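Listed in order, the protein sequences are those of chains A and B. Under the numbering used here, the first sequence has 69 at position 65, and the numbering climbs by one with no breaks. Under the numbering used here, the second sequence has 702 at position 144, and the numbering climbs by one with no breaks. Cβ atoms here follow ideal geometry from the backbone N, Cα and C, with glycine treated the same way. The structure presented is a predicted model; accordingly, all values stated were derived computationally and were not measured. The structure under discussion appears below in the form of structure tokens.
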Amino acid sequence: MSGKNEINISNKMKRQELFADIKDQKNKERHTMRRQRAKEERENPELKEKRLKENVTRTIDNMRVYDETIASNNTSGGNADGDVDGEADVDDQNDLMKYFNTSHRDHPPKIFLTTNVNAKKAAYEFANVLIEILPNVQFVKRKFGIKLKEIADMCNKRNFTDMVIINEDKKKVTGLTFMHLPEGPTFYFKISSYVEVLKIAGHGRPTSHIPELVLNNFQTKLGKTVGQLFQSIFPQNPDFEGRQVITLHNQRDYIFFRRHRYVFRDEEKVGLQELGPQFTMKLKRLQRGLREETEWEHTPDMDKEKKKFYL
Amino acid sequence: MRLLVSCTHNGSLKEIVCNQDTDTSVQTARQPFSVKAHMVEDANAKISQLLSVGGSLVVARDNGSVELYDCTRVPHTVDSDDVTTDNITATTDKEEAPVVLKPMFDITEFELLSTVSDLLNDTRLENASKKSSMRTKIYDTFVSMHQLPNNKNVLLLASKSGLVHIISIKKNTLKLIKTHEIIAPLDFAQIYDNTNSKSVVFAYGGEENLVKLVKLSANFKELTKIWEAKNVANDRLDMRIPVWPTALKFLNPQDSNKIESDKLNYQFVVVTHWSHLAVYQTQHGRKPLEYIDLLLKRDPLACLEMVGNEKLMTAAGNLKSSDVNDFSFVTTDLKKNVMRFNNKGRLITKFGKDDIVGSAFFVKTVKGKYLLQGGLDRYVRVFDLESARRIAKVYVTGKCNNVLMLDDDEVEIPQPPGKGKRAQKKRHQPENETEQDVEELWGHLEENGSRKKTKK
């Protein structure tokens, strides 16, 4: 209401009335414009396509800082020799194949789950949740005085492929460590925004079918390594009749965990029922071997630049 | 400059040709002219040691083979799609079709001449692997490869499992002369090449394996231990200090008058996995002269490179100075730091602060001028050793565990014709300026100044 045609009305009620009128008028204009546009676009769908193509909202996700590790399908990388791009794909496979036994038919994942030493109730409750989510998992109560190397040895002898450690601090679950056996690498994630199943309105009950896995938006080399971790944890032959999906959606380096059941109502409509739980993970550290040399570590000054993402 | 980088993920060797200020992480910055992979094998055959011998290259792989390659330079052929960002598109004044000027440079082609294989033995490490504080199994690898100081055609290779191989290069073929066994595990084997002698002395050590000096006879038949270090005294809680030297570099022998001739005369510097700096003088005794904590949290240290100008460095990276009170060195930890300390353990600079994100597996000083760094974050960086300024940063798609700088020549970038002349014209400098002119200028300036004052 500021500007040149400012009207000085001292009565507050009158002023508000006038303001409401103007606002209402504007709303009506907008609605008619939209109605008209929708009508035009219904007749001519190309217009809609064109509009959506032109009016792209600028978000910090799509303004992200250039990262050359994403560039495998981007030929403008400038890296001279033509063989570089083709090679990058092979690189990806070689590098990750070494760490993760992706030939799941021979070695289905077998997961060892434990907590930190002297864990409290929250950790065991979270372990119960994870037992339901992770396939072929065995929970063992953590005992004091056994070193990580000894645990890893025991796991290797029993053909475990992965080790998951829940980290609890001050009666809250704060982190998750994933270690691939026997050679690593080790991932440490911070856990936040945990919502238990009962708190989710309209939640369903999960079945014991092997879920399908959706990995969203893991783009960089580091992101792909993280994606590969989850791929290696879940068997790659899901039971489709269970219609269960686990989604790991990466957005701005936060990984959102969700679990749903879907149903195809007819040829167009799909129904989703959330099974829960919900939680958010953030990669804090990636180490070679079992917690040896650091490959990547999140530091507070990485948060300075808002448009730089690492996954 | 021309770099050879060994990538661990596929056992390849990448040749990078780039100029100063190359940075692949910034799209608008200067990009490398060429990044080309050679000798691709698989991850089990990654290259752990690189050595340039004359015009050829010796490569030691983790599958236990040592290979000799012939290097020939061929001019880089320009493909039509090959776009380097440094190309300059110049348009002449008459607005003809743009002329694309490409920088001219050579690339190297490698031809395998000879191979010696089965030089590593994993079974020798099984015991050490069980006792080790490393949580994963230790695999055998080559920890060092040196040319003998008195015979450049003979190589000394040491493996983590304590095998010392003597290999000769004759008429473009490699031949294994002799293999000796020493106590495993090894983290380094550093050859002494500060002074000339017929026999060869080298030092080795590793996890729970104190530093030892051994002498190799002139005919390579005998290997005798001539000196062994002693662990430092227990700490104030009477706990044993763990032993794990990770890297060693020699200094020149002591040259004072007090030298006892019946004792050996060597000086060397060691960094340990428990973040100590140890200075040893064999004249002083078997315990270190100094044992300094470098990092407060006992973060493990991995590499050691001495800092000095080109004349002060030997081929094996030893320092040609006998003063233990005046040296500085570069070391790395297992997180992301590459640090330069002085002999008192005081931090002088950090290289690549806020830039390096993964552990630096490899650092090496070149010509007393550059520091090459490569590691788990898949970048190869070149730093200026004195100022710690980053000179080049190139993404190599895989983790890198060895870098070799072949030369530091800049590739000439062709300038479009005429541009240079115009630039000269713009920069007008009065050449024949006389004192009179200067006085005139001063007078003019003063006049201006006084006018402003009067206005006020």
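- Within 8 Å (strictly less), CB to CB, does Glu299 of chain A reach chain B? As a first step, residue 299 of chain A is located in the first sequence; it is residue number 295 there, counting from the start. Output row for Glu299 of chain A: interface = yes.
Inset, instruction - Between the Cα of Val547 of chain B and those of B:Lys756, B:Val790, B:Asp751, B:Asp935, spot the shortest distance and give me the residue it belongs to. - result: Shown here, chain B extends from 559 to 1014; a query on residue 547 of chain B therefore has no answer.
message: Any beta carbon from chain B within less than 8 Å of Gly188 of chain A's own beta carbon?
response: In the first sequence, counting from the first residue as 1, residue 188 of chain A sits at position 184. Residue-level contact by beta carbon holds for Gly188 of chain A and chain B, with a gap shorter than 8 Å.
**Message:** Among the candidates B:Asn752, B:Glu667, B:Ser833, B:Pro707, whose CA atom is the shortest distance from the CA of Ala776 of chain B?
**Reply:** Residue numbering aside, residue 776 of chain B sits at position 218 when the second sequence is read from its first letter. Answer by Cα proximity: B:Pro707.
Unbroken alpha helix (DSSP H) runs of length 4 or more, entirely within the region 28 to 63 of chain A: which are they? Within the region 28 to 63 of chain A, the alpha helix (DSSP H) runs of at least 4 residues that lie entirely inside it are, in chain order, 49 to 58.
### Query
Between which two residues does the beta strand (DSSP E) containing Leu714 of chain B stretch?
In the second sequence, counting from the first residue as 1, residue 714 of chain B sits at position 156. Here the beta strand (DSSP E) through Leu714 of chain B covers 709 to 717.
message: the ligand GDP and Val201 of chain A: does any heavy atom of the ligand fall closer than 7 Å to the residue's C-beta?
response: The ligand GDP is not among the ligands present in this structure, which contains no ligands whatsoever.
- In or out: Pro846 of chain B buried (at least 16 other Cβ within 10 Å) or exposed? Walking along the second sequence from the start, residue 846 of chain B turns up at place 288. By the beta-carbon neighbour count (other beta carbons within 10 angstroms, threshold 16), Pro846 of chain B is buried.
Tyr266 of chain A: buried (16+ other C-beta within 10 angstroms of its C-beta) or exposed? Counting from 1 along the first sequence, the entry for residue 266 of chain A is found at position 262. Exposed, by the Cβ-count rule.
Open item on the list: Taking DSSP's pairing of strands, which residues face Phe663 of chain B in a bridge?
Closed with: As a working mapping, residue 663 of chain B is identified with position 105 in the second sequence. Beta-bridge partners of Phe663 of chain B (DSSP): none assigned.
- prompt: Quick one, which of B:Ala603, B:Lys816, B:Arg588, B:Ile914 has its alpha-carbon nearest Lys677 of chain B's?
  reply: For the purposes of this step, residue 677 of chain B is taken as residue 119 along the second sequence, with counting starting at 1. The amino acid at residue 677 of chain B is misidentified as Lys; the sequence shows Leu. When only C-alpha atoms are compared, the closest one is B:Ala603.
Checklist line | Gly231 of chain A - containing alpha helix (DSSP H), residue span | finding: Here residue 231 of chain A refers to the residue found at position 227 of the first sequence. Here the alpha helix (DSSP H) through Gly231 of chain A covers 225 to 237.
>> Would you say Lys1014 of chain B lies against chain A (beta-carbon separation less than 8 Å)?
In response: For the purposes of this step, residue 1014 of chain B is identified with residue 456 of the second sequence, where counting begins at 1. For Lys1014 of chain B, the predicted model reports a pLDDT of 48, less than 50, meaning its position is unreliable; a value from the coordinates is still stated below. Output row for Lys1014 of chain B: interface = no.
### Task
Please name the residue in A:Thr178, A:Phe191, A:Pro304, A:Gly206 whose C-alpha comes closest to that of Tyr198 of chain A.
Residue numbering aside, residue 198 of chain A sits at position 194 when the first sequence is read from its first letter. When only C-alpha atoms are compared, the closest one is A:Thr178.
- Query: Secondary structure at Arg68 of chain A, three-state DSSP: helix, strand or coil?
  - Reply: Taking the first sequence and counting its residues from 1, the one referred to as residue 68 of chain A is at position 64. It is coil, neither helix nor strand.
Task: Partner residues on chain B for Glu72 of chain A, Cβ-Cβ distance less than 7 Å - done: By 1-based counting over the first sequence, the position of residue 72 of chain A is 68. Neighbours of Glu72 of chain A on chain B, chain order: Thr582, Ser583, Tyr953.
### Message
So, does the region 695 to 706 of chain B touch the region 735 to 747 of chain B, judging by three or more C-beta pairs under 8 Å?
### Response
They touch, by the three-pair rule.
(request) Return the first residue and the last residue of the beta strand (DSSP E) that Tyr314 of chain A is part of. (result) Position 310 of the first sequence, counted from the first residue, corresponds to residue 314 of chain A. Looking at the DSSP string, Tyr314 of chain A is not in any beta strand (DSSP E), and its letter there is neither H nor E.
Mind checking Glu297 of chain A: buried by the 16 CB within 10 Å criterion, or exposed?
Taking the first residue of the first sequence as position 1, residue 297 of chain A is located at position 293. Under a 10 Å Cβ-count criterion, Glu297 of chain A is classified as buried, with 16 or more other Cβ atoms of the shown protein chains found around its own Cβ.
Assess contact between the region 616 to 636 of chain B and the region 932 to 947 of chain B, defined as three or more Cβ pairs (one per stretch) separated by less than 8 Å. Is contact present?
Too few Cβ pairs lie closer than 8 Å, so no.
Can you tell me which of the three DSSP states Ser687 of chain B falls into?
Position 129 of the second sequence, counted from the start, is the residue given in the question as residue 687 of chain B. Correct three-state label for Ser687 of chain B: helix.
query: Where Lys273 of chain A and Pro210 of chain A are concerned, what is the direct C-alpha to C-alpha distance, given to the nearest angstrom?
result: As a working mapping, residue 273 of chain A is identified with position 269 in the first sequence. As a working mapping, residue 210 of chain A is identified with position 206 in the first sequence. Each residue's alpha carbon lies about 22 Å from the other.
Would you say Asp85 of chain A lies against chain B (beta-carbon separation less than 8 Å)? As a working note, residue 85 of chain A is residue 81 in the first sequence. Note that Asp85 of chain A scores a pLDDT of 41, beneath 50, so its modelled location is shaky; the value from the coordinates is reported in the next line. Yes, Asp85 of chain A lies at the interface with chain B (some Cβ there is under 8 Å from its Cβ).
Practice problem: Just list the alpha helix (DSSP H) runs in the region 193 to 280 of chain A, keeping only unbroken ones of 4 residues or longer that don't cross its boundaries, in chain order. | Solution: As far as the region 193 to 280 of chain A is concerned, its whole alpha helix (DSSP H) runs of at least 4 residues are 225 to 237.
Review point. Could you give the C-beta distance for Leu226 of chain A and Trp300 of chain A, rounded to a whole number, given that I count them as a contact under 8 Å?
Key: The sequence position of residue 226 of chain A within the first sequence is 222, counting from 1. The sequence position of residue 300 of chain A within the first sequence is 296, counting from 1. Yes, they are in contact, since the Cβ atoms of Leu226 of chain A and Trp300 of chain A sit about 6 Å apart, within 8 Å.
Notebook entry, point to check: Along chain A, which residues have their Cβ under 9 Å away from the Cβ of Gly916 of chain B?
Noted result: By one-based count along the second sequence, residue 916 of chain B stands at place 358. Against Gly916 of chain B, the close residues of chain A are Leu290, Arg292, Glu297, Thr298, Glu299, Trp300, Glu301, in the order they occur along the chain (beta-carbon pairs closer than 9 Å).
Q. So which residues on chain B does Asp305 of chain A lean against when the C-beta distance must stay under 9 Å?
A. Along the first sequence, read from residue 1 onward, the residue named residue 305 of chain A stands at position 301. Ordered by position in chain B, the residues that pass the 9 Å Cβ test against Asp305 of chain A are Asp912.
- Do Leu117 of chain A and Ala131 of chain A have their C-beta atoms closer together than 8 Å? Looking up residue 117 of chain A in the first sequence gives position 113. Looking up residue 131 of chain A in the first sequence gives position 127. Cβ distance < 8 Å, so Leu117 of chain A and Ala131 of chain A count as in contact.
When the Cα atoms are used, what is the spatial distance from Ala787 of chain B to His842 of chain B?
Here the question's residue 787 of chain B lines up with position 229 in the second sequence. Here the question's residue 842 of chain B lines up with position 284 in the second sequence. As the crow flies, the alpha-carbon of Ala787 of chain B is around 11 Å from that of His842 of chain B.
Rounded to the nearest angstrom, what separates Val641 of chain B and Phe591 of chain B at their Cα positions?
The residue you call residue 641 of chain B lines up with position 83 of the second sequence. The residue you call residue 591 of chain B lines up with position 33 of the second sequence. The predicted model places Val641 of chain B with a pLDDT of 45, which falls under 50 and marks its position as unreliable; any figure quoted below should be read in that light. Between Val641 of chain B and Phe591 of chain B, the alpha-carbon positions lie close to 9 Å from each other.
Check your understanding: Where Arg55 of chain A and Ser236 of chain A are concerned, what is the direct C-alpha to C-alpha distance, given to the nearest angstrom?
Key -> For the purposes of this step, residue 55 of chain A is taken as residue 51 along the first sequence, with counting starting at 1. For the purposes of this step, residue 236 of chain A is taken as residue 232 along the first sequence, with counting starting at 1. Each residue's alpha carbon lies about 41 Å from the other.
Between Leu134 of chain A and chain B, is any beta-carbon pair separated by less than 8 Å? Within the first sequence, residue 134 of chain A is the residue found at index 130, counting from 1. Answer no: the Cβ-Cβ gap between Leu134 of chain A and chain B never drops below 8 Å.
**Report entry** Uninterrupted alpha helix (DSSP H) stretches inside the region 814 to 877 of chain B (no shorter than 4 residues)
**Finding:** DSSP runs (the alpha helix (DSSP H)) wholly in the region 814 to 877 of chain B: none.
Less than 8 Å between the C-beta atoms of Leu781 of chain B and Val829 of chain B, yes or no? To locate residue 781 of chain B, count along the second sequence from 1; it is residue 223. To locate residue 829 of chain B, count along the second sequence from 1; it is residue 271. Using a Cβ distance threshold of 8 Å, Leu781 of chain B and Val829 of chain B do not count as a contacting pair.
| said: Residues of chain A with CB closer than 8 Å to the CB of Leu892 of chain B, please, in chain order. | reply: On the second sequence, residue 892 of chain B is found 334 positions in, with the first residue counted as 1. Those within 8 Å of Leu892 of chain B in chain A are Glu296, Glu297, Thr298.
Check: In whole angstroms, what separates the C-alpha of Ile135 of chain A from that of Gln240 of chain A?
Finding: In the first sequence, the residue the question calls residue 135 of chain A occupies position 131. In the first sequence, the residue the question calls residue 240 of chain A occupies position 236. Put simply, the backbone Cα of Ile135 of chain A is about 18 Å away from that of Gln240 of chain A.
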